[in-house]
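Let me begin by presenting the structure, written as structure tokens, before commenting on it.
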Amino acid sequence: MSQRPRRPARPPWRDFWRVRRGLGSNLVEGLTFIHREYGDFVRTRLPLQLYFVADPACIEEILVKKAEVFRKDRTSRLLSRVVGNGLLVNEGDSWRRQRRLLQPAFHHRQLQSYAAVMVGAIERAAAAWQPGQVRNVHEDMMAVTLNIVAEALFGSDVSADAGHMGRIISDLMEEFGRILGLAARFQPPAWVPTTANRRLRASARKVDRVILGIIEARRQSQSDAGQDDLLSLLIRARDEDGSTMTAAQVRDEAVTLFLAGHETTALALTYSLYLLATHPECQARLADELHRVLGGRTPGLADLESLKYTDAVVLEAMRLYPPAWVMARQALTEVEIGPYRFPKGAEFVISPWVLHRDPKNFDDPEAFKPERWDGDLAHRLPRFAYFPFGGGPRVCIGNRFAMMEAKLVLAVAIQRFRFEATPETVLALLPSVTLRPRQGVRLRLTARDPDPAATDRPHP
Ligand code: HEM
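Residue 230 in the working numbering sits at position 192 of the sequence shown, and the numbers go up by one each step.
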């Protein structure tokens, strides 16, 4: 390895407490501040090998080109207290084997069979919504995406558990919100009875009870033969040597897919609805596209190709509010990234939130403008200027599932209702493993006239 004398910039000593406060309290603002003030590659003044990376080419080196010399960081490892050794946190040969076994569940042919499940779930939910109601759309979207993942994954109806599960996940995310960032490195091992450990264990047990209950009910009610939901695929999946997953692995993967598969998509939908409500002209254009392409009928997979603006709304919402807003990696060996050299153990923090709002790549970056995706922006951008699903070998396995789900659910919701901001509509962010609205998002629903041009004038 060549000698590379250059080290990333460090904030001056006089800023030590500003940086430290940013990292200890509101992490979203902390990372934005560090990037704005000190640049694309920053080292802290703390006695840690901790670096903040916001250079797309360097991120590509970490996530793709040199992915084999990195593992996930400590915070991700804390997640294993809930998801066991599921795909999100697994490493090495065991991760490679599990990824190979799970991949077929996300192949195109398989995804086709989920479209009806997705549309059915939002249609059932929307049937219970009343015009004039002010609703917490975050709660609604969590319930819809939970039902989708449960039906696709377990072939089961969990409407009765949706509220309960939503509360468990909110508690869990609040707990992770408290111990994220620098606090994560000072977490004692799981067996030490700290308040955080006790709360995490209690939430993990509750998640287990719901999920194992569903798996058990499903096993008792029918055999797996002939079923083609994800759970059956997990149970039947065979590696090249003919081996199948153990019961513990099936549980870990099921919990992982259950959590990773609905919380993030619910957030993408919540932020899409919030942004459409606060930008009525964009909502009008979306309603117009849906009317033109679908003429009032239910959307299906084949329509997605024509729903270009719907796609742009979801992309733009995930640009401004990436549900997976931060990821991190730890070097397993000495490694060179860009012009720098780092020791084994160095940790790299990468935030789509920061990259997605970088004026170097996006004009007017703070503005919600779905039309920016109309042209060839996606092709012009550096590979890691926009990456809501991560990238490289550990790219989100559910990315196509999620995009299909977000567009179908959004299309049906906007076909049925107009969403409006009210004085109660505030968005306070809770940066946890995902980026959540701290108190939900409350929007008023009004019935939509079949002719969108007639109703989509913004209310005075
Ligand atoms: C809008 C929705 C979603 C977003 C923004 C999202 C984002 C991400 C990101 C950024 C990663 C990579 C994390 C890293 O590199 O550290 C990831 C991994 C993962 N996601 Fe998603 N995800 C979404 C939906 C889904 C869905 C629907 C599923 C499953 C049904 C899913 C399952 C997973 C799994 C299992 C991994 C770990 C993959 C691996 O390490 O091999 N995600 N997701």
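Even glycine gets a Cβ: it sits at the ideal position worked out from N, Cα and C.
Closest to residue i by C-alpha separation, out of the options, would be which residue?
i	options	result
Pro169	Leu465, Ala451, Pro475	Ala451
Asp209	Ala322, Ile252, Gly122, Ser470	Ser470
His145	Glu254, Ala459, Arg438, Phe455	Arg438
Leu467	Phe457, Pro360, Asn399, Phe386	Pro360
Met179	Ala459, Glu462, Glu443, Leu465	Glu443
Ala384	Leu297, Leu69, Arg367	Arg367
Ile273	Tyr347, Asp349, Pro390, Pro142	Pro142
Val102	Val187, Arg432, Ala181	Arg432
Val464	Ala440, Ile253, Val352, Gly478	Gly478
Ser310	His176, Ser151, Ser270	His176
Phe425	Arg454, Val447, Arg357	Arg357
Leu328	Asn64, Arg138, Pro85, Asp487	Asp487
Val373	Leu69, Ile100, Leu268	Ile100
Gly1	Arg112, Val107, Cys96, Thr113	This structure leaves residue 1 out entirely; the chain is present only between 39 and 498.
Asn64	Leu370, Arg456, Trp363	Trp363
Ile253	Gln171, Leu140, Thr316, Ala292	Ala292
Ala485	His202, Pro461, Gln171, Gly413	Gln171
Lys382	Ala369, Trp391, Pro390	Ala369
Ala165	Glu319, Arg454, Val352, Arg74	Arg454
Assign residue i to one of two classes, buried (16 or more other C-beta atoms within 10 Å of its C-beta) or exposed (fewer than that).
i	result
Arg289	buried
Gln136	buried
Ser132	exposed
Asp402	exposed
Pro43	With a pLDDT of only 48 at Pro43, under 50, the local geometry of the prediction cannot be trusted, and no value is derived from it.
Ala355	buried
Arg482	buried
Glu409	exposed
Ala459	buried
Arg52	exposed
Glu301	buried
Arg81	buried
Ala263	Unreliable positioning characterises Ala263 in this predicted model, as indicated by a pLDDT of 49, which lies under 50. The coordinate reading is nonetheless provided below. Looking at its Cβ environment, which holds fewer than 16 other Cβ atoms inside 10 Å, Ala263 is exposed.
Pro46	buried
His202	exposed
Gly251	exposed
Ser270	buried
Arg323	buried
Ala188	buried
When DSSP labels each residue in this structure, what does residue i get in the three-state scheme?
i	result
Ala286	helix
Ala234	helix
Val373	strand
Leu324	helix
Phe296	helix
Tyr152	coil
Val121	helix
Ile273	helix
His73	helix
Asn185	helix
Ile435	coil
Arg52	helix
His394	helix
Gln136	helix
Ala263	Its pLDDT being 49, under 50, Ala263 is placed unreliably in this model, and the coordinates cannot settle the point.
Phe144	helix
Arg335	coil
Phe427	coil
Ala1	With the chain covering 39 to 498 only, the question about residue 1 has no answer from this structure.
Asp195	coil
Leu126	coil
Phe406	coil
Thr301	Per the sequence shown, residue 301 should be read as Glu rather than Thr. Glu301: helix per DSSP, three-state reduction.
Tyr312	helix
Glu213	helix
His317	coil
Which partner residues does residue i have in the DSSP bridge list?
i	result
Asn174	Arg480
Gln368	Arg109, Glu385
Phe467	At residue 467 the sequence reads Leu, which differs from the Phe that was named. Beta-bridge pairing links Leu467 to Pro475.
Glu458	Arg482
Tyr89	Arg81, Phe386
Arg379	Glu374
Ala47	Val80
With contact counted as at least three CB pairs below 8 Å, one residue from each stretch, are the region 416-426 and the region 372-387 in contact?
-> Result no; under three Cβ-Cβ pairs closer than 8 Å.
Does the count of Cβ pairs from the region 288-308 and the region 115-127 closer than 8 Å reach three?
-> Contact between the region 288-308 and the region 115-127 is present, because at least three Cβ pairs lie under 8 Å.
Is it true that the region 230-249 meets the region 334-342, where meeting means three or more beta-carbon pairs spaced less than 8 Å apart?
-> Output reads no: the region 334-342 does not touch the region 230-249.
If you pair each beta-carbon of the region 158-166 with each one of the region 280-288, do three or more pairs fall below 8 Å?
-> Short answer: they don't touch.
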